[in-house]
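Residue numbers for the sequence shown follow this note's numbering, beginning at 115 and rising by one.
Here a beta-carbon is modelled for each residue, glycine too, at the ideal position from N, C-alpha and C.
Note sheet for the following structure.
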Amino acid sequence: MNQIAAPVSPATQDAGEFINQIATRAAGLGREMAAIFGALDDVTKVSTRQGETFSKLEHDIAEFARSNGAIDSDARNAEQVAQKARDAVEGALAGTRGLAQAVERVETGLDAVMKVLKQVSTAAAEIEQIAFQTRIVAFNASVEAVRAGERGRGFAVVAEAVKELAQKVQDSSQQIKSTVIELGTRIDQLATDADAGTGRNAAAEAVDRAIDTFRTAFGEVEQTIKGIAGSAGANTAVGEAARAAVVELSGELKEANHSVKVASSRAESLLALSEAMVELTAQSGIVTEDTPFIERVIEVADRIGALFEDALMRGDLTLEQMFDDHYRPVPGSNPQQFVTDFTELTDRLLPPLQEPMLTLSDKVVFCAAVDRNGYLPTHNRKFSRPQGRDPAWNMANSRNRRMFNDRTGLAAGGNQQRFLLQMYRREMGNGNFVLMKDLSAPIWVRGRHWGGLRFAYSF
Numbered sequence: 115m116n117q118i119a120a121p122v123s124p125a126t127q128d129a130g131e132f133i134n135q136i137a138t139r140a141a142g143l144g145r146e147m148a149a150i151f152g153a154l155d156d157v158t159k160v161s162t163r164q165g166e167t168f169s170k171l172e173h174d175i176a177e178f179a180r181s182n183g184a185i186d187s188d189a190r191n192a193e194q195v196a197q198k199a200r201d202a203v204e205g206a207l208a209g210t211r212g213l214a215q216a217v218e219r220v221e222t223g224l225d226a227v228m229k230v231l232k233q234v235s236t237a238a239a240e241i242e243q244i245a246f247q248t249r250i251v252a253f254n255a256s257v258e259a260v261r262a263g264e265r266g267r268g269f270a271v272v273a274e275a276v277k278e279l280a281q282k283v284q285d286s287s288q289q290i291k292s293t294v295i296e297l298g299t300r301i302d303q304l305a306t307d308a309d310a311g312t313g314r315n316a317a318a319e320a321v322d323r324a325i326d327t328f329r330t331a332f333g334e335v336e337q338t339i340k341g342i343a344g345s346a347g348a349n350t351a352v353g354e355a356a357r358a359a360v361v362e363l364s365g366e367l368k369e370a371n372h373s374v375k376v377a378s379s380r381a382e383s384l385l386a387l388s389e390a391m392v393e394l395t396a397q398s399g400i401v402t403e404d405t406p407f408i409e410r411v412i413e414v415a416d417r418i419g420a421l422f423e424d425a426l427m428r429g430d431l432t433l434e435q436m437f438d439d440h441y442r443p444v445p446g447s448n449p450q451q452f453v454t455d456f457t458e459l460t461d462r463l464l465p466p467l468q469e470p471m472l473t474l475s476d477k478v479v480f481c482a483a484v485d486r487n488g489y490l491p492t493h494n495r496k497f498s499r500p501q502g503r504d505p506a507w508n509m510a511n512s513r514n515r516r517m518f519n520d521r522t523g524l525a526a527g528g529n530q531q532r533f534l535l536q537m538y539r540r541e542m543g544n545g546n547f548v549l550m551k552d553l554s555a556p557i558w559v560r561g562r563h564w565g566g567l568r569f570a571y572s573f
């Protein structure tokens with residue numbers, strides 16, 4: 115067994131007792147500083163989350179303001195479009211009314227034309243009758259002229275001229291009659307169309323009433339759009355005010371977060387100072403309450419390194435596998451667990467060495483080896499239960515195959531001095547924490563630093 119405590123002569127017993135008291139008080143200071151550092155770390159985490167929340171809130175409010183601006187702009191555009199649409203509808207309505215009035219005027223005019231055409235047709239018929247009678251008279255006159263011989267020759271010429279004129283008049287009257295008939299047919303069609311136009315006028319009046327209703331509804335829509343635009347404008351103003359307030363709060367939170375980080379850094383420095391005082395006391399050769407634990411941890415760490423080298427000699431795994439740092443997540447684990455090429459080996463070799471360490475004192479909480487990155491492959495059996503559905507329960511009871519890369523875990527895994535004594539606040543899940551000492555000694559494999567053996571115990 116490695117010895118770190120040299121014999122103390124009677125002449126130095128008083129000095130040793132004094133140093134021991136200093137170590138005890140330094141440990142008490144370290145305990146308080148560990149609690150303060152842990153609390154400040156919690157505040158820092160909360161402050162950081164709040165800062166992220168405020169940043170997101172600021173972004174969301176800015177998006178809200180932009181959206182309201184877009185709504186305001188769209189509403190105003192919609193209002194203009196609605197006004198144009200209403201004007202266009204009223205113009206179409208006026209055109210419809212004008213068309214209906216024109217159709218009525220055409221229908222009235224067609225009635226008058228039909229009356230005139232009927233009069234023309236009647237007159238043409240009378241002219242045709244007169245022409246017919248004139249032709250008869252001219253014919254009779256021609257007959258009488260022939261009977262009169264030479265004396266009736268001139269009269270015969272006149273009778274023939276009258277006959278020809280009567281024929282032309284009759285032909286013209288028939289042409290007029292035919293034209294009047296054709297005009298009558300066309301006017302009848304126009305009248306029919308006019309009647310249909312009158313029907314359309316009735317339909318147009320119905321449309322007119324519908325459009326009046328539409329116009330009223332459209333006016334209400336315009337008022338609603340104006341209301342939306344006004345509300346959007348008001349919301350934009352409120353959003354801008356809220357964003358300004360959030361920006362101000364975010365700035366204050368950042369300042370507070372910075373102050374907490376400064377305080378946390380100073381608390382960490384004081385914690386490290388108290389740890390150094392306790393560690394120096396242990397290294398001085400004066401026996402303290404930590405001395406038996408230190409000696410045993412160094413011994414077991416050396417034995418673990420020897421077991422790893424024996425496994426390499428047997429070919430259980432290669433040196434590369436022994437130092438594997440490709441941490442493969444265990445699917446479905448929460449908190450996340452990992453496996454490496456050496457996890458199976460540590461599950462087989464470490465329990466016989468780690469479990470007896472728990473019996474050294476009632477103060478002992480755990481004893482487990484970690485690699486240089488803080489990965490803990492094989493924990494004590496009481497902390498290696500299969501994970502369940504409750505992450506908080508898993509946090510306290512399923513601590514094997516976990517990555518403990520916090521300040522204490524990384525320092526324990528990375529320490530290459532003979533031993534390292536730290537003080538920290540251990541998270542146990544459900545918001546529970548335990549203040550304890552963390553003693554570690556390095557594990558070496560073929561001259562390479564593999565990690566360290568952690569040994570935690572209460573004050």
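{"query": "For aspartate 439, three-class secondary structure by DSSP", "result": "coil"}
{"query": "Extent of the continuous alpha helix (DSSP H) run through arginine 499", "result": "Taken as a continuous stretch (DSSP letters only), arginine 499 belongs to no alpha helix (DSSP H), as it is neither H nor E."}
{"query": "Close Cβ partners of leucine 463 (< 6 angstroms) along its chain, the five nearest in sequence each way excluded", "result": "Leu421"}
{"query": "Own chain partners of alanine 356 with C-beta closer than 6 angstroms, once the 5 adjacent residues on each side are dropped", "result": "Ile175"}
{"query": "Cβ contact check for the segment 522-530 and the segment 560-570: 3 or more pairs under 8 angstroms", "result": "yes"}
{"query": "Which residues DSSP lists as bridging methionine 579, in chain order", "result": "The chain is shown from 115 up to 573; residue 579 falls before or after that span and cannot be answered."}
{"query": "Where arginine 424 falls: helix, strand or coil (DSSP)", "result": "Inspection of the sequence shows that residue 424 is occupied by aspartate rather than by arginine. Of the three classes helix, strand and coil, the one that applies to aspartate 424 here is helix, per DSSP."}
{"query": "Pair within 7 angstroms by beta-carbon distance, threonine 102 and aspartate 461", "result": "For the chain, the structure presents residues 115 to 573; residue 102 sits outside this window and is missing."}
{"query": "Glutamine 531 beta carbon near the ligand ADP (any heavy atom closer than 6 angstroms)", "result": "The model depicted lacks the ligand ADP and carries no ligand whatsoever."}
{"query": "Residue burial classification, arginine 261 (beta-carbon count within 10 angstroms, cutoff 16)", "result": "exposed"}
{"query": "At least three beta-carbon pairs within less than 8 angstroms, the segment 470-478 to the segment 444-461", "result": "no"}
{"query": "Serine 572 beta carbon less than 7 angstroms from that of methionine 537", "result": "no"}
{"query": "Own chain partners of glutamate 423 with C-beta closer than 8 angstroms, once the 5 adjacent residues on each side are dropped", "result": "Val559 and Arg560"}
{"query": "Arginine 261 - DSSP class collapsed to helix/strand/coil", "result": "helix"}
{"query": "Span of the alpha helix (DSSP H) around aspartate 461", "result": "457-463"}
{"query": "Per DSSP, cross-strand counterpart(s) of methionine 517", "result": "Tyr489"}
{"query": "Three-state secondary structure assigned by DSSP to leucine 474", "result": "coil"}
{"query": "Three-pair Cβ contact test at 8 angstroms for the segment 484-498 versus the segment 441-457", "result": "yes"}
{"query": "Residue nearest to phenylalanine 452 in terms of C-alpha spacing, selected from Asp504, Lys232 and Phe518", "result": "Phe518"}
{"query": "Same chain only: Cβ atoms within 6 angstroms of arginine 513, ignoring 5 sequence neighbours per side", "result": "His493 and Phe497"}
{"query": "Inter-residue CB distance, leucine 467 and isoleucine 418 (contact presumed, cutoff 8 angstroms)", "result": "6 angstroms"}
{"query": "Coil, strand or helix - leucine 431 by DSSP", "result": "coil"}
{"query": "Distance, arginine 539 Cα to isoleucine 557 Cα", "result": "24 angstroms"}
{"query": "Where arginine 428 falls, given that 16 or more other Cβ within 10 Å makes a residue buried", "result": "exposed"}
{"query": "Three-state class that DSSP yields for phenylalanine 452 in the structure shown", "result": "strand"}
{"query": "Between the CA atoms of alanine 555 and aspartate 520 - distance to the nearest angstrom", "result": "17 angstroms"}
{"query": "Chain-order list of residues whose beta-carbon lies under 7 angstroms from that of glycine 523 (same chain, five-residue window excluded)", "result": "Val484 and Gly488"}
{"query": "Distance, glycine 446 Cα to glutamate 411 Cα", "result": "Inspection of the sequence shows that residue 411 is occupied by valine rather than by glutamate. Spanning the two alpha carbons is a distance of roughly 34 angstroms."}
{"query": "Valine 479 - DSSP class collapsed to helix/strand/coil", "result": "strand"}
{"query": "Residue burial classification, arginine 495 (beta-carbon count within 10 angstroms, cutoff 16)", "result": "exposed"}
{"query": "Residue environment, asparagine 508, which counts as buried when at least 16 other CB atoms sit within 10 Å", "result": "buried"}
{"query": "Other residues of its chain near valine 479: CB distance less than 8 angstroms, five sequence neighbours each side excluded", "result": "Arg540, Val548, Met550, Ala570, Tyr571 and Ser572"}
{"query": "Proline 72, enclosing alpha helix (DSSP H) - first and last residue", "result": "Since the displayed the chain opens at 115 and closes at 573, residue 72 lies outside it and no answer follows."}
{"query": "Residue span of the alpha helix (DSSP H) that contains asparagine 508, given as start and end", "result": "505-511"}
{"query": "Own chain partners of arginine 499 with C-beta closer than 7 angstroms, once the 5 adjacent residues on each side are dropped", "result": "Asn511 and Ser512"}
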